[in-house]
Amino acid sequence: MKLLITGSAGFVGSHLAERFLSEGHQVIGVDNYLSGQRRNTELLRAYPNFTFVEADVSLGLPEVEGQLDWVLHFASPASPPHYQEHPIATLMVGAQGTQNSLELAKQHNAGFLLASTSEVYGDPLVHPQPESYWGHVNPNGVRSCYDEAKRYAEAITMAYHRQHGVNTRIIRIFNTYGPRMRADDGRVVTNFVHQALRGEALTIYGDGSQTRSFQFVSDLVEGIVRLMNAPKSSDVHNPVNLGNPDEFTMLDFAKQVRDTINPSLEIVHGPAAHDDPRQRKPDISRADALLGWAPRVKLTEGLAQTIAAFRQDQEVAQTPRAEADWATT
Ligand code: NAD
Ligand code: UDP
58 MKLLITGSAG
68 FVGSHLAERF
78 LSEGHQVIGV
88 DNYLSGQRRN
98 TELLRAYPNF
108 TFVEADVSLG
118 LPEVEGQLDW
128 VLHFASPASP
138 PHYQEHPIAT
148 LMVGAQGTQN
158 SLELAKQHNA
168 GFLLASTSEV
178 YGDPLVHPQP
188 ESYWGHVNPN
198 GVRSCYDEAK
208 RYAEAITMAY
218 HRQHGVNTRI
228 IRIFNTYGPR
238 MRADDGRVVT
248 NFVHQALRGE
258 ALTIYGDGSQ
268 TRSFQFVSDL
278 VEGIVRLMNA
288 PKSSDVHNPV
298 NLGNPDEFTM
308 LDFAKQVRDT
318 INPSLEIVHG
328 PAAHDDPRQR
338 KPDISRADAL
348 LGWAPRVKLT
358 EGLAQTIAAF
368 RQDQEVAQTP
378 RAEADWATT
């Protein structure tokens with residue numbers, strides 16, 4: 058197959074690209090490095106069947122020669138500090154970036170997969186969250202640039218399916234972690250692990266009673282591949298949650314990271330983040346029924362792999378010669 062992946066220099070996009078490249082498919086990666094890393098592109102360049110185009114997909118996608126089989130739209134900042142620093146670019150990549158990607162899929166009669174998010178549920182009043190829940194979102198708060206962009210992205214994806222017959226898929230990704238997350242991305246897994254590795258206190262925003270459920274990246278990639286391969290039916294186009302239902306308070310999660318790396322460290326509390334969802338846990342019964350999918354990697358196992366990778370990242374970052382690898386723009 059020939060696939061185009063937007064956001065290929067990002068955390069999830071680079072793992073997804075590598076999965077297809079390692080199976081012998083051709084991958085065209087597109088990224089503008091808004092929140093990605095050049096070193097992910099370099100890593101993918103080790104595969105001869107990888108090509109890369111540096112471009113802002115909100116402005117347009119590159120022309121692709123020959124038949125394209127899939128467009129996988131993963132471009133978008135995903136970390137709250139990143140999208141809150143770039144609210145307009147985040148809205149644009151969810152809106153124009155999604156439409157441009159859909160147009161390319163339509164032009165090639167290719168499949169299209171949208172990386173949506175559990176953030177479409179906002180601060181959910183239903184727990185755990187099934188796909189049938191319409192959500193509880195602040196439409197103009199600090200997270201709205203991301204939440205509403207993804208809600209619009211889902212709407213335009215379904216519109217292209219209904220009006221133009223594009224073969225679309227929508228996944229709602231719940232908090233995912235693993236190697237290749239940017240050390241400064243500000244998400245909780247990266248913050249806690251890097252803080253603990255540096256021997257610093259772990260910073261909890263608020264009282265730490267808010268919950269999240271963490272999925273290891275390999276489980277997500279497997280779910281995506283299964284959804285792409287699922288037999289076509291009217292149901293396959295509707296959103297599918299992909300996440301790990303093991304739920305933790307941020308206080309318990311901080312303790313687990315601390316105790317794994319250095320039990321003598323302090324855990325400190327700072328101000329709560331604005332509009333921070335109080336609870337989040339996927340209902341994955343639809344993914345189970347449709348794809349026979351459930352996450353396999355336990356937090357202890359995924360965390361161990363992530364800690365090892367982040368430890369190596371810190372060592373690389375400390376060598377002056379590696380500075381260029383860390384450049385993001
Ligand atoms: P990431 O920030 O690591 O990757 C996103 C990539 O998109 C980056 O490389 C960035 O440079 C690129 N990008 C952003 N705007 C662009 C534009 N206009 N043109 C071209 N490239 C652009 O984030 P991630 O965690 O890998 O997330 C990838 C996708 O998955 C996002 O769409 C995100 O919303 C979704 N998602 C991720 C999670 C998660 O927990 N990781 C959860 C829910 C949804
Ligand atoms: N969080 C925290 N300390 C940090 C970073 C995040 O307590 O250093 C909390 C954050 O307030 C939220 C949860 O951890 O309740 C998950 O945050 P993250 O930014 O990883 O992703 P979100 O699920 O909010 O998009």
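Read in my numbering, the sequence shown has 114 at position 57, and its numbers run on one by one without any break.
All C-beta atoms in this analysis are idealised placements derived from N, C-alpha and C, irrespective of residue type, glycine included.
What you are looking at is a predicted structure, and each value in this text was computed from that prediction instead of being measured.
Query: Local Cβ density within 10 Å of residue 221, reported as buried at 16 or more and exposed below that; Result: exposed
Query: Test item: CB-CB of residue 227 and residue 173 under 8 Å; Result: yes
Query: Proximity winner among 320, 183, 106, relative to residue 191 (alpha-carbon distances); Result: 183
Query: Sequence-distant residues of the same chain with beta carbon closer than 6 Å to residue 83, five excluded per side; Result: 59, 106
Query: Simplified DSSP assignment, three categories, for residue 214; Result: helix
Query: Closer than 8 Å to chain C by CB, residue 61; Result: Checking the listed chains, one finds no chain C in this structure; it contains a single protein chain.
Query: Residue 88 Cβ short of 7 Å to the ligand NAD heavy atom set; Result: yes
Query: Cβ pair residue 375, residue 333 closer than 8 Å; Result: no
Query: Residue span of the alpha helix (DSSP H) that contains residue 247, given as start and end; Result: 245-254
Query: Residues of its chain near residue 155, where Cβ-Cβ distance is below 8 Å and the 5 sequence neighbours each way are ignored; Result: 130, 171, 209, 210, 213, 214
Query: Three-way DSSP call (helix, strand, coil) for residue 385 in this model; Result: Its pLDDT being 37, under 50, residue 385 is placed unreliably in this model, and the coordinates cannot settle the point.
Query: Closest residue to residue 125 among 162, 145, 135, 143 (Cα-Cα distance); Result: 162
Query: Residue environment, residue 291, which counts as buried when at least 16 other CB atoms sit within 10 Å; Result: exposed
Query: DSSP state of residue 103 mapped onto helix, strand, coil; Result: coil
Query: Proximity winner among 216, 242, 274, relative to residue 138 (alpha-carbon distances); Result: 242
Query: Coarse secondary structure for residue 298, derived from DSSP in three states; Result: strand
Query: For residue 139, three-class secondary structure by DSSP; Result: helix
Query: Rounded straight-line distance, which links the Cα of residue 317 to that of residue 307; Result: 15 Å
Query: Limits of the unbroken beta strand (DSSP E) element including residue 226; Result: 225-230
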